[in-house]
Amino acid sequence: MAKVKGKVTFKEELCKGCELCTTVCPVNIVKMAEDRINVKGYHPATVYEMEKCIACGNCATICPDTVIEVEREKEDK
Amino acid sequence: MAEQVFKRTKGLTERPFHYCPGCTHGIIHRLVAEVLEELGVLEKSVGVAPVGCSVLAYDYFNCDMHEASHGRAPAVATGIKRVLPDRVVFTYQGDGDLASIGTAEIVHAAMRGEKFTTIFVNNAIYGMTGGQMAPTTLVGQKATTAPYGRQKDHAGNPIRMSEMLSTLDGAAFIERVSVNSPANIRKAKKAIKKAFEVQLEGKGFSMVEVLSTCPTNWGMTPKEAIKWLEDNMIPYYPLGNFKSPEEVK
Chain A
18 MAKVKGKVTF KEELCKGCEL CTTVCPVNIV KMAEDRINVK GYHPATVYEM
68 EKCIACGNCA TICPDTVIEV EREKEDK
Chain B
193 MAEQVFKRTK GLTERPFHYC PGCTHGIIHR LVAEVLEELG VLEKSVGVAP
243 VGCSVLAYDY FNCDMHEASH GRAPAVATGI KRVLPDRVVF TYQGDGDLAS
293 IGTAEIVHAA MRGEKFTTIF VNNAIYGMTG GQMAPTTLVG QKATTAPYGR
343 QKDHAGNPIR MSEMLSTLDG AAFIERVSVN SPANIRKAKK AIKKAFEVQL
393 EGKGFSMVEV LSTCPTNWGM TPKEAIKWLE DNMIPYYPLG NFKSPEEVK
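Those protein sequence lines, which keep their order, are chains A and B. With the first sequence counted from 1, adding 17 to any position gets you my numbering. With the second sequence counted from 1, adding 192 to any position gets you my numbering.
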């Protein structure tokens, strides 16, 4: 069965730390990076456990600042 | 093999939005830009920017843009569409712009059945000027000019523009959508696409009302604002289609 794996990339310098993306992730992996601050002065959104991503695109859909890009990788298992 | 599922649309310029954190203007800008790109009409689109928070919309859309004075975007769009009927013309207006100072313009543009599309962003408050009460502010909702909340006896009940405009024969497509969740955002995009298709088919005036948040002036975090929209705005401003071209003879 083909397993869907996703990869999200964040343009962190555009993030305003609104946290909306963290509310819509079905696998709950989008977090705010509390250890760093971007050029605008916010903690940017990030993902630490990328292997759990299912490429649903919810975070990118609700992001008001087009910070997030989503890729889907298909591999046979 | 990696497939790109989501990336920034060509319909937006590279300029970062100036909107407050969590402001849903960014989502709505992106939806309009994505629809224009998908319909392949970016090169022949002309947008009309309003006065309000989205006054700088002309910096963000990657198509020809025009600025209108407060509330007069439908009048400017009428002129552009009549002189250049082959162009795709849209106005992008907030509730202070469309439902207050520009009510006459939008009502008469819809009455005449002008063949352009209006994106009406309703966040129930005046954003740019500092959170004053708008005609769309809900009863009981606090604003800087209504510190105890809007009172019905004093300021009346909020205006429902979609319902009002759908009574006009010239209006071909009227729908109210919301951007509070990924599912509703996808529905909103479908409605915006339909509105532009109605314009391309020359069937008459089309408008999509988008319920939006204003975390800064509502005095909430973006997450709380989304919740407030779901709990308070959607019950008063029901989502759905009010008019589609099939009903228009």
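Backbone N, C-alpha and C define an ideal beta-carbon position, used for all residues, glycine too.
By the Cβ criterion, the segment 406-416 of chain B is in contact with the segment 208-215 of chain B, since at least three pairs of Cβ atoms, one from each stretch, lie closer than 8 Å. In the three-state reduction of the DSSP assignment, Arg222(B) falls in the helix class, which pools H, G and I.
Within the segment 209-221 of chain B, the residues whose Cβ lies closer than 8 Å to some Cβ of chain A are Phe209, Tyr211, Cys212, Pro213, Gly214, Cys215, Thr216, His217, Gly218 and Ile219, listed in chain order. Where His262(B) is concerned, there is no enclosing alpha helix (DSSP H), because DSSP gives it neither an H nor an E. Taking 8 Å as the threshold, the shortest C-beta distance from Asn75(A) to chain B falls below it.
Using a Cβ-Cβ distance cut-off of 8 Å, the segment 425-440 of chain B and the segment 222-232 of chain B are not in contact, since fewer than three pairs of beta carbons, one from each stretch, lie closer than that value. Excluding residues up to 5 positions away in sequence, Ile366, Arg368, Glu401 and Phe434 lie with their Cβ nearer than 6 Å to the Cβ of Ser354(B) in the same chain.
Among the CB atoms of chain A, one or more fall inside 8 Å of the CB of Pro414(B).
Distances from the CA of Ala50(A) to each of Val21(A), Glu30(A), Asp82(A) and Ile71(A) were compared; the closest alpha carbon is that of Glu30(A). Around Gly341(B), the same chain offers Gly332, Gln333 and Lys334 as residues with beta carbons nearer than 7 Å, after the five sequence neighbours per side are excluded. Under the criterion of beta carbons closer than 8 Å, Cys70(A) and Lys28(A) do not qualify as touching, at roughly 17 Å. The shortest C-alpha to C-alpha distance from Lys379(B) to any of Gly323(B), Leu431(B) and Leu290(B) is the one to Leu431(B). Only those residues of the segment 57-68 of chain A whose C-beta falls short of 8 Å from the nearest C-beta of chain B are listed: Tyr59. The straight-line gap separating the alpha-carbon atoms of Gly244(B) and Asn314(B) is approximately 12 Å. A Cβ-Cβ separation of about 25 Å leaves Arg53(A) out of contact with Ala72(A) under the 8 Å criterion. Taking a Cβ-Cβ cut-off of 9 Å, Ala50(A) has no neighbours in chain B, whose nearest Cβ is about 15 Å from it.
In this structure the segment 265-284 of chain B does not touch the segment 199-208 of chain B; the number of beta carbon pairs closer than 8 Å is below three.
Distance between Phe388(B) and Asp278(B), taken at the CA atoms: about 13 Å. Our two residues, Arg274(B) and Ala301(B), have alpha carbons roughly 12 Å apart in a direct line.
Neighbourhood of Phe198(B) in chain A, by CB distance below 8 Å: Gly74, Ala77, Thr78, Ile85, Glu86 and Val87, in chain order.
Counting only runs that start and end inside the segment 275-319 of chain B, the beta strand (DSSP E) elements of at least 3 residues fall at 280-286 and 309-314. At a cut-off of 8 Å between C-beta atoms, Pro277(B) does not count as an interface residue with respect to chain A.
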